[in-house]
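Using this note's numbering, you'd call the opening residue of the sequence shown number 18 and step up by one each time.
Heads up, the beta-carbon is just placed ideally off N, CA and C, and yes, glycines get one too.
Notes to accompany the following structure.
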Amino acid sequence: MDLTTAELERYARHLTVPGIGPEGQLRLKRSSVLLVGTGGLGSPAALYLAAAGVGRLGLVDDDVVDRSNLQRQILHGESWVGKPKLSSAAARLREANPHIEVETHSCRLTPDNAGEMVGRYDLVLDGCDNFPTRFLTNDVCFLQKKPCVYGSIFRFEGQVTVFAPHLGGPCFRCMLPTVPPAGAAPSCEEAGVLGVLPGIIGSLQAMEAIKLLLGLGEPPLGKLLCYDALRTSFRTLRLAPDPGCRLCGETPTVRSLHNAETLASASCAVGDDSMPAISVEQLDELLAAGPVPLVDVRRPDEHAVSSIPGSLLIPLQELEKRVAEVPHDGRVYIHCKSGGRSSHAVKLLRELGLDAVNVAGGIDAWLKLRRSPSAAPHP
């Protein structure tokens with residue numbers, strides 16, 4: 018496998034960089050990266066890895082493009098709204114660089130498929146949006162001795178590091194031993210994120226991935242790089258391997274990908290799975306039969322974009338003082354975007370004596386269901 022004339026022209030600015038040159042470029046061509054997620058972080062990372070000439074990119078995602086994604090997920094465009102993210106991402110990356118191979122995995126990373134999937138790539142870039150998948154990505158990379166390039170974002174702040182105990186650094190569990198308690202860590206969809214921020218953090222992830230593939234410089238092992246956009250500042254926190262870590266410590270107890278953290282609900286960090294809930298399929302059946310007492314606890318701007326017919330908007334932060342507006346004469350169903358905020362609302366309302374039930378998956382799951390060809394029209 019050599020570089021073609023077209024590739025030599027394409028990567029001309031790489032070929033003169035000390036430490037890369039033709040040999041390094043050929044090494045990139047022979048390398049592979051698995052990107053878990055093609056959203057805010059995966060978009061810039063994938064584009065730069067493709068442009069750099071990483072020969073094989075694997076993409077894991079089972080979501081569709083939503084218009085609210087376009088503010089930050091630069092792989093996707095308006096014409097792809099409602100279509101699979103993988104289709105959008107693959108088309109964009111192949112246009113960016115026709116010399117690379119793009120492999121798509123239209124699924125979620127699970128304890129059952131992670132081992133085989135990760136085993137086919139040199140390293141993993143973590144661009145996921147929930148704690149169970151982060152734990153799973155970390156665990157499978159540890160067991161297979163593959164570097165995991167980690168990134169996270171929140172409003173105006175981001176973090177980057179490389180978890181690779183086999184290279185002398187800590188793992189994700191050394192930093193976060195267990196899934197945070199309910200409500201401790203709101204998602205980007207709930208807390209918001211400045212659109213440019215994932216571009217910065219995702220690009221840093223791509224940089225660290227390329228350094229690892231080329232063997233250049235020093236990866237941030239044991240260093241958590243923290244970026245504050247409002248203060249235009251970077252700082253580095255030390256992350257030491259934890260001797261008591263249940264995965265990579267001296268007496269490990271996590272020996273399988275099937276464990277409490279990887280099998281937790283993806284909404285557990287922002288909701289409470291102990292609350293009574295119905296599925297969106299069940300809600301859809303109720304709505305097909307007639308009006309349903311339904312309260313939407315999202316923000317007004319979210320409600321304006323999309324709403325379930327007949328729902329009453331009471332933002333979560335206003336719920337306690339507006340509880341008199343919630344129907345009291347029977348069961349009431351509560352929804353938000355994905356099920357996190359609504360589970361908190363259900364807990365509050367049930368403590369006040371109301372028969373409140375959460376809609377699992379929120380309007381995201383309901384809209385996805387309604388878009389399916391088998392969905393029956395409502396009267």
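Neighbour-count burial assignment, residue i, 16 or more Cβ in a 10 Å radius
i: Cys-124; result: exposed
i: Val-322; result: exposed
i: Gly-370; result: exposed
i: Pro-182; result: buried
i: Leu-247; result: exposed
i: Phe-251; result: exposed
i: Leu-74; result: buried
i: Val-271; result: buried
i: Leu-280; result: exposed
i: Arg-47; result: exposed
i: Ala-286; result: Residue placement at Ala-286 is flagged as unreliable, the pLDDT there being 39, under the threshold of 50; the coordinate-derived value follows with that caveat. That one is buried.
i: Gln-88; result: exposed
Backbone secondary structure at residue i - three-state DSSP
i: Glu-337; result: coil
i: Asp-313; result: strand
i: His-345; result: coil
i: His-352; result: strand
i: Tyr-244; result: strand
i: Val-196; result: coil
i: Leu-363; result: With the sequence shown as reference, residue 363 is identified as Val, and Leu is not the correct amino acid for it. The answer is helix: DSSP assigns Val-363 an H, G or I state.
i: Ala-286; result: Its pLDDT being 39, under 50, Ala-286 is placed unreliably in this model, and the coordinates cannot settle the point.
i: Leu-254; result: strand
i: Ser-220; result: helix
Of the listed residues the options, nearest to residue i (C-alpha basis)
i: Pro-344; options: Thr-55, Leu-52, Leu-330; result: Leu-330
i: Leu-184; options: Leu-300, Ser-49, Glu-302, Gln-161; result: Gln-161
i: Ser-337; options: Gly-347, His-320, His-361, Arg-348; result: Here residue 337 is Glu; the residue named in the question, Ser, does not match the sequence. Comparing Cα-Cα distances from Glu-337 to each of Gly-347, His-320, His-361, Arg-348, the minimum goes to His-361.
i: Glu-319; options: Pro-308, Val-77, Gly-307, Leu-333; result: Leu-333
i: His-93; options: Leu-64, Thr-121, Gly-327, Glu-118; result: Leu-64
i: Val-82; options: Gly-56, Gly-70, Val-309, Leu-66; result: Gly-56
i: Phe-152; options: Arg-172, Leu-140, Phe-171, Pro-128; result: Pro-128
i: Thr-253; options: Leu-264, Gly-239, Pro-260, Asp-301; result: Gly-239
i: Val-50; options: Val-71, Thr-33, Val-340; result: Val-71
i: Met-134; options: Leu-384, Val-53, Ser-220; result: Val-53
i: Pro-258; options: Met-192, Leu-229, His-31; result: Met-192
i: Phe-171; options: Ile-218, His-275, Gly-261, Arg-255; result: Ile-218
i: Arg-316; options: Asp-346, Arg-358, Leu-303, Glu-342; result: Arg-358
i: Glu-298; options: Gly-347, Cys-165, Lys-385; result: Lys-385
**Message:** For the pair the stretch 172 to 186 and the stretch 233 to 251, tell me if three or more CB-CB distances fall below 8 Å.
**Reply:** yes
**Asked** Can you list the beta strand (DSSP E) stretches of 3 or more residues lying completely in the stretch 91 to 175, in chain order?
**Response** 118 to 122, 140 to 143, 165 to 171
**Request:** Evaluate the contact criterion for the stretch 104 to 117 versus the stretch 156 to 164: three or more CB pairs, one atom per stretch, below 8 Å.
**Result:** no
**Request:** Could you tell me whether the stretch 59 to 79 touches the stretch 129 to 146, where touching means 3 or more Cβ pairs closer than 8 Å?
**Result:** yes
**Request:** Pair every Cβ in the stretch 376 to 388 with every Cβ in the stretch 346 to 365, then say whether three or more of these pairs are closer than 8 Å.
**Result:** yes
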